[in-house]
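Visitor: End of the sequence shown sits at 139 in numbering that gives the first Met the number 0; the numbers just go up one at a time, nothing left out. Pasting in a structure now, in structure tokens, and then I'll have a few things to ask.
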Amino acid sequence: MAELHPQLAQDCLKLGRFPLCFLLLMRDANYPWFILVPDREDIREIHHLSEQDQQQLLRESMLLSRALEQAFAPDKLNIAALGNMVPQLHVHHVVRYRQDPAWPAPVWGRLPSQAYDDEALTALIEKIKATLTEDFSFDV
């Protein structure tokens, strides 16, 4: 099992896993913000994955994207693998609304991170649990 980069471990809550990827929730209540991290050692880029793992990553990203659209009805879903600060391959899935505090700009560095309160975190997890059922096991 691959170890999460310390920054991801600090900034995120591990929700569970797909066959290939861990699913993390960014601890920033400003946006529903999820991250897929392939369970592979020393992978920095998508093209570093085997062809089979590349296909599985895309499949898991699509499953997550559909679940997020169903759970949150976003105006836009931002998906990106940037990794400028954290070299471990990770793919952001950020739910965006025209009325969110950063729209239409990127979310990074726009606002200070806002912690979830227990009630909001539970509600968000229940929303995603209701829609993310295929090939996924929850830890929370």
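All C-beta atoms, glycine included, are put in the ideal place defined by N, C-alpha and C.
Three or more beta-carbon pairs under 8 Å between the stretch 66–79 and the stretch 44–54, yes or no?
Guide: Short answer: they don't touch.
Visitor: Where does residue 4 fall in DSSP's three states?
Guide: Looking at residue 4 - three-state DSSP - the assignment turns out to be coil, as it is neither helix nor strand.
Visitor: If you draw a straight line from the C-alpha of residue 137 to the C-alpha of residue 16, how long is it?
Guide: Cα to Cα, residue 137 sits roughly 7 Å from residue 16.
Visitor: Taking just the CA atoms, how far does residue 95 sit from residue 86?
Guide: One C-alpha to the other measures close to 25 Å.
Visitor: So, are the CB atoms of residue 19 and residue 34 less than 9 Å apart?
Guide: Against a cut-off of 9 Å, the Cβ pair of residue 34 and residue 19 comes out as no contact.
Visitor: Considering only their Cβ atoms, is the gap separating residue 97 from residue 105 smaller than 9 Å?
Guide: Contact: no.
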